[in-house]
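J.: Chains as they are written, first to last, in this note's numbering: chain H, 280 to 661; chain F, 26 to 427.
Cβ atoms here follow ideal geometry from the backbone N, Cα and C, with glycine treated the same way.
What follows is a single structure, and I will ask about it in a moment.
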Amino acid sequence: MARASEGTAALAAERRFATEGTAKKRFGAALAWLRANLFYSWLSTAITLALCYLGARVGLALVDWAFASAVWQVPSGAEGADTSACRAPEAGACWAIVAEKYRFILFGTYPYEEHWRPALCVLVFAALYAATTWRRLWGKTLAVIWVVGATAVGLLMWGGIGGLSLVPTERWGGLVITLILATFGLVSAFPLAVLIALGRRSSLPAIRVLCVVYVEFIRGVPLISLLFMASVVLPLFLPDGMTLDKLLRAQIAITLFAAAYLAEVVRGGLQAVPKGQYEAADALGLSYWNKIRLIVLPQALRIVIAPLVNTFIAIVKDTSLVLVIGIFDLLGAGKMSAMEPAWQGFAIEAFLFCGLIYFVICFTMSRFSQRLEADLGASESR
Amino acid sequence: MTATRLHDRTTQALRTKRPGRRWSWRDPALRGVVWQVLVVGAVLVAVGWLAVNTHQNLMSRRIASGFGFLGSESGLPIGEHLISYAPTDTYFRALLVGSLNTLRVAVSGILLATILGTAIGLARLSRNWLLAKFAAVYVEALRNLPLLLHLLLIYALLQALPPPRAALNPLAGIYLSNRGLVLPILEWAPAHGWCLAALALGVAGTFAYGRWARWRQAKDGQPRRIAPVALVLIAGLPTLAAIATDAPLSTVWPELRGFNFRGGVSLSPEYFALLLGLVLYTAAFIAEIVRAGVLSVRKGQWEAAQALGLPRSLILRKIVLPQALRVIIPPLINQYLNLTKNSSLAVAIGFQDIVSVANTTINQTGQAIEGIAIVMAVYLTISLSISLFMNWYNRRTAWAER
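This is the structure in structure tokens:
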């Protein structure tokens, strides 16, 4: 930390010199910064030089692979694409697979001419996330927006009314599946998580034991085993003739999984609210639910924003596991795209494309949580 | 005197004035009982409904439930096994082999991830700007991608490597090809057992000396240096043992024979990809934990220790580390648990861990419920034993609460 502030101080000094001073002073400041942060001892100099060398070697090789000698397009022949250009020994990355397959990676096996529907759904999701980040809307308005948005996604994806053709969930795939599983999983897991967290801190022993067993069980087993359970065992649990869609079953598993992890985070927040707040609410004669709703939860959730968003990010990443039970989400579609004989061996490029999308989603979320925390913290400390 | 009398009178008043059970919804105790009965009843009804359904389904599909299948021959080939195994062995042994594979990757993964994660966490705190930036980029890039993507990517990269004939040879004796990683290994001889025993004795002796030194210091106030004794005991004893038993130091170097390598220790591409993916991914999280732990020790602690005239190494060992570790250990153990559970992703790249073996078992026998129950039991055993250890550790090192 101290180093970082030293660095910023030096940078600030540098900037000041830039506006008022001569180029010579600027150069001096930069030199001082270098001396203070990169070459302050023999060891540090050695590390800096080694990293420069390594960075240059790896960086140049990567730039060459990804840009200079990359193949961006391949001609399509009579039977599929002709990928011989990618297989040439001097060829770098074969981005042609992304150019050729990006619609498959994004939308899976959804009917080709109907791709505008999942594309619109992705936009609806983006709009929902944007609305959620806008704090002025927090409250009833946001709930209404979410209900409208979720209904729109459902109608668009399934269709069957208003001239839209019916598309069964088996044909859904790609980025939309990832967004659906993560978003609806988290939205439905969150209220459940709050209830479980309250139950775990309840004074009623039977309810407390139930909640503890639930949380410890779910957190003790890997998500894969829950997904297998949802795909293989859940049909056995249901009465004859009643079937649940495979996607819905995966959604249930992810929701139950997320609820246990979120519950632990919420419980941390509940514990951090000072006891006096609970007692003051009791003294005011508030009922249990009013006490929780009006006094405790607003404070508890504010405390745990950062870990909550971290859990959200973890769940978004964990939705990729559904490929193990044969649902083709973003990563699954990326894996599938390199299955065709012509494209075999170019899975790396497809995975990197998927990775870019995951990174954008997760990195944006983590930055948003940092900003939110800073904003709320600022209003708190005044 | 008056206080006790007051106390007596209040308790008496409470005892006499205490109202009997009013059968009213306003009575919180009654309300609590009703709620609990309702919730537990609902859970029981739901579980019973599922059980009845399952029973009927199994009957109509003619699936015999029970764990009888564990004793029958599996016919399941498993490439990597720590204990002897053949497809003619039982399902039980196959599942045991799978569990051991899980433990194998988890234990080596935890060791390596701790080392790498600590190094990266400290690098991110380094005064060297470039080193700190490299570490930060590493953490951000690794944390924001799903582990499964890392695994598939690493596995695809390994498959894109040249065949054994043209294997990469970064260091003498180490070969990396699409058949995995091959390392040289020390040829095992019975004499090495004595060396290991000597090493264990040396470690135990060092601990004993450390305790004795601390006990003596508490008496006479003289600090005693442990490092020289430790060096003699830990390095010297095994060397002596090696000389005494004339232990051979011959290394088996891997050699290319035909299409593959012979000799040395080889890691299959599946195992290597899984291990590498788990280590790289978990290290990013451990790095953040270590960084947070070190930053959590206030500057005043350093300054106070310096004011006492303690040397830097002692400050680190006696003042900073104990406080940082208290912050680091609980989330670190959590990461170990995550790594163990994440090793179940092996099934996606074809390493035969418990999940993968159980999955094949389910496909072959149709015993879905039993198979998944076994998988869950294995992971729950690991998780709960680590949780118990955690609780014990937390109690032992809990802050003295004011």
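Closer than 7 Å between beta carbons: that is the criterion. Which residues of the region 142-154 of chain F meet it against chain H?
T.: 152, 153 and 154
J.: Using DSSP with H/G/I as helix, E/B as strand and the rest coil, what is residue 210 of chain F?
T.: Here residue 210 of chain F corresponds to residue number 185 of the second sequence, with the count starting at 1. Strand, per DSSP.
J.: Just the Cα atoms here: how many angstroms apart are residue 526 of chain H and residue 606 of chain H?
T.: For the purposes of this step, residue 526 of chain H is taken as the residue at position 247 of the first sequence. For the purposes of this step, residue 606 of chain H is taken as the residue at position 327 of the first sequence. Cα to Cα, the separation comes out at about 7 Å.
J.: Is the distance from the Cβ of residue 174 of chain F to the Cβ of residue 502 of chain H below 9 Å?
T.: Along the second sequence, one-based indexing puts residue 174 of chain F at 149. Along the first sequence, one-based indexing puts residue 502 of chain H at 223. Cβ atoms of residue 174 of chain F and residue 502 of chain H: not closer than 9 Å.
J.: CA-CA distance, residue 300 of chain F and residue 371 of chain F?
T.: Numbered from 1 along the second sequence, position 275 holds the residue referred to as residue 300 of chain F. Numbered from 1 along the second sequence, position 346 holds the residue referred to as residue 371 of chain F. Taking the straight line from one Cα to the other gives about 9 Å.
J.: Just confirm the distance between the C-beta atoms of residue 574 of chain H and residue 551 of chain H, as a whole number of angstroms; I'd bet it's less than 8 Å.
T.: Counted from its first residue, the first sequence places residue 574 of chain H at position 295. Counted from its first residue, the first sequence places residue 551 of chain H at position 272. Rounded, the Cβ-Cβ distance is 14 Å, inconsistent with contact.
J.: Using the rule of at least 16 other Cβ atoms within 10 Å of the residue's Cβ for burial, across every protein chain shown, is residue 136 of chain F buried or exposed?
T.: By one-based count along the second sequence, residue 136 of chain F stands at place 111. Exposed: under 16 other Cβ atoms inside 10 Å.
J.: Under a Cβ-count criterion, where at least 16 other Cβ atoms within 10 Å of its own Cβ denotes burial, should residue 26 of chain F be classed as buried or exposed?
T.: Indexing the second sequence from 1 puts residue 26 of chain F at position 1. Residue placement at residue 26 of chain F is poorly supported in this model, since its pLDDT is 46, which falls under 50; the coordinates are not used for a value here.
J.: Near residue 539 of chain H, what residues of its chain come up, given a Cβ to Cβ distance below 6 Å and the 5 sequence neighbours on each side ignored?
T.: As a working mapping, residue 539 of chain H is identified with position 260 in the first sequence. Result list for residue 539 of chain H: 494, 497 and 498, in chain order.
J.: Given this structure, state the Cα-to-Cα distance separating residue 536 of chain H from residue 461 of chain H, to the nearest angstrom.
T.: For the purposes of this step, residue 536 of chain H is taken as residue 257 along the first sequence, with counting starting at 1. For the purposes of this step, residue 461 of chain H is taken as residue 182 along the first sequence, with counting starting at 1. Going from the Cα of residue 536 of chain H to the Cα of residue 461 of chain H covers about 12 Å.
J.: Using a beta-carbon distance cut-off of less than 8 Å, what residues from the region 318-346 of chain H approach chain F?
T.: 319, 323, 326, 327, 330, 331 and 334
J.: Provide the residue span of the alpha helix (DSSP H) that contains residue 319 of chain H, from first to last.
T.: The count along the first sequence starts at 1 and reaches residue 319 of chain H at position 40. No alpha helix (DSSP H) holds residue 319 of chain H; DSSP gives it neither H nor E.
J.: Shorter than 9 Å from the beta carbon of residue 389 of chain F to some beta carbon of chain H?
T.: What you label residue 389 of chain F is simply residue 364 of the second sequence in a count that begins at 1. Residue 389 of chain F does not count as touching chain H.
J.: If we call anything under 9 Å between Cβ atoms a contact, is residue 285 of chain F one with residue 515 of chain H?
T.: Residue 285 of chain F sits at position 260 when you count from the first residue of the second sequence. Residue 515 of chain H sits at position 236 when you count from the first residue of the first sequence. Cβ distance not < 9 Å, so residue 285 of chain F and residue 515 of chain H don't count as in contact.
J.: For the region 270-278 of chain F and the region 209-228 of chain F, state whether three or more C-beta atom pairs, one from each stretch, are separated by less than 8 Å.
T.: Segment contact: the region 270-278 of chain F against the region 209-228 of chain F, three or more CB-CB distances shorter than 8 Å; contact assigned.
J.: If you compare alpha carbons, which of F/392, F/227, F/114 and F/104 is closest to residue 263 of chain F?
T.: Along the second sequence, read from residue 1 onward, the residue named residue 263 of chain F stands at position 238. The shortest C-alpha separation from residue 263 of chain F is found at F/227.
J.: With a Cβ-Cβ cutoff of 9 Å, do residue 404 of chain F and residue 365 of chain F count as a contact?
T.: Within the second sequence, residue 404 of chain F is the residue found at index 379, counting from 1. Within the second sequence, residue 365 of chain F is the residue found at index 340, counting from 1. In this structure, the beta-carbon distance from residue 404 of chain F to residue 365 of chain F falls below 9 Å.
J.: Can you name the start and end residues of the beta strand (DSSP E) that residue 595 of chain H belongs to?
T.: In the first sequence, residue 595 of chain H corresponds to position 316, counting from 1. Element bounds for residue 595 of chain H: not the beta strand (DSSP E) but the alpha helix (DSSP H), 584-597.
J.: What residues in the region 77-96 of chain F have a beta carbon less than 9 Å from any beta carbon of chain H?
T.: Going along the region 77-96 of chain F in chain order, one finds 77, 78, 79, 81, 82, 83, 85, 86 and 88 with a Cβ nearer than 9 Å to chain H.
J.: Residues of chain H with a CB under 8 Å from the CB of residue 57 of chain F: which are they?
T.: Stepping through the second sequence from its first residue, residue 57 of chain F is reached at position 32. Those within 8 Å of residue 57 of chain F in chain H are 482 and 483.
J.: Compute the Euclidean distance between the alpha carbons of residue 116 of chain F and residue 108 of chain F, then round it to the nearest angstrom.
T.: Here the question's residue 116 of chain F lines up with position 91 in the second sequence. Here the question's residue 108 of chain F lines up with position 83 in the second sequence. Computed Cα separation, rounded: 14 Å.
J.: To the nearest angstrom, report how far apart residue 319 of chain F and residue 162 of chain F are at their CA atoms.
T.: As a working note, residue 319 of chain F is residue 294 in the second sequence. As a working note, residue 162 of chain F is residue 137 in the second sequence. Approximately 20 Å, taken between the alpha carbons.
J.: Taking contact to mean at least 3 C-beta pairs separated by less than 8 Å, is the region 54-73 of chain F in contact with the region 90-97 of chain F?
T.: no
J.: By the DSSP assignment, the alpha helix (DSSP H) with residue 328 of chain F in it spans what residues?
T.: By one-based count along the second sequence, residue 328 of chain F stands at place 303. Start and end: 324-332.
J.: Considering only their Cβ atoms, is the gap separating residue 595 of chain H from residue 647 of chain H smaller than 9 Å?
T.: What you label residue 647 of chain H is simply residue 368 of the first sequence in a count that begins at 1. What you label residue 595 of chain H is simply residue 316 of the first sequence in a count that begins at 1. In this structure, residue 595 of chain H does not lie closer than 9 Å to residue 647 of chain H by Cβ.
J.: Does the beta carbon of residue 414 of chain H come closer than 9 Å to any beta carbon on chain F?
T.: Here residue 414 of chain H corresponds to residue number 135 of the first sequence, with the count starting at 1. False, the Cβ-Cβ gap to chain F never drops below 9 Å.
J.: Within this structure, are the beta carbons of residue 652 of chain H and residue 571 of chain H separated by less than 9 Å?
T.: The residue labelled residue 652 of chain H in the question sits at position 373 within the first sequence. The residue labelled residue 571 of chain H in the question sits at position 292 within the first sequence. Not closer than 9 Å, so no.
J.: Give every residue of the same chain whose Cβ lies closer than 7 Å to the Cβ of residue 428 of chain F, excluding the five residues on either side of it in the sequence, and list them in chain order.
T.: No statement about residue 428 of chain F is possible, as the shown extent of chain F runs from 26 to 427 and does not include it.
J.: Out of F/195, F/139 and F/101, which has the shortest C-alpha to C-alpha gap to residue 359 of chain F?
T.: By 1-based counting over the second sequence, the position of residue 359 of chain F is 334. If we check each option's Cα against that of residue 359 of chain F, F/139 comes out closest.
J.: Using Cβ-Cβ distances below 7 Å, what residues of the region 560-582 of chain H are close to chain F?
T.: Of all residues in the region 560-582 of chain H, none has a Cβ within less than 7 Å of some Cβ in chain F.
J.: Restricting to Cα atoms, I'd like to know which of F/321, F/157 and F/102 is closest to residue 381 of chain F.
T.: Indexing the second sequence from 1 puts residue 381 of chain F at position 356. Residue F/102 is the option with its Cα nearest to residue 381 of chain F.
J.: For residue 374 of chain H, count neighbouring Cβ atoms within 10 angstroms of its own Cβ and tell me buried if that reaches 16, exposed if not.
T.: On the first sequence, residue 374 of chain H is found 95 positions in, with the first residue counted as 1. Buried.
J.: Is it buried or exposed, residue 353 of chain H, if we count other Cβ atoms within 10 angstroms and call 16 or more buried?
T.: The residue given as residue 353 of chain H occupies position 74 in the first sequence. With 16 or more neighbouring CB atoms inside 10 Å of its own CB, residue 353 of chain H falls in the buried class.
J.: Give the residues of chain F in contact with residue 642 of chain H, contact being defined as C-beta atoms less than 8 Å apart.
T.: Counted from its first residue, the first sequence places residue 642 of chain H at position 363. By Cβ distance, chain F contributes 165 and 169.
J.: Is the CB of residue 174 of chain F under 9 Å away from at least one CB in chain H?
T.: By 1-based counting over the second sequence, the position of residue 174 of chain F is 149. The beta carbon of residue 174 of chain F falls within 9 Å of a beta carbon belonging to chain H, placing the residue at that interface.
J.: Compare the Cα-Cα distances from residue 231 of chain F to each of F/158, F/329, F/297 and F/251 and report the closest residue.
T.: As a first step, residue 231 of chain F is located in the second sequence; it is residue number 206 there, counting from the start. Cα-wise, what sits closest to residue 231 of chain F is F/251.
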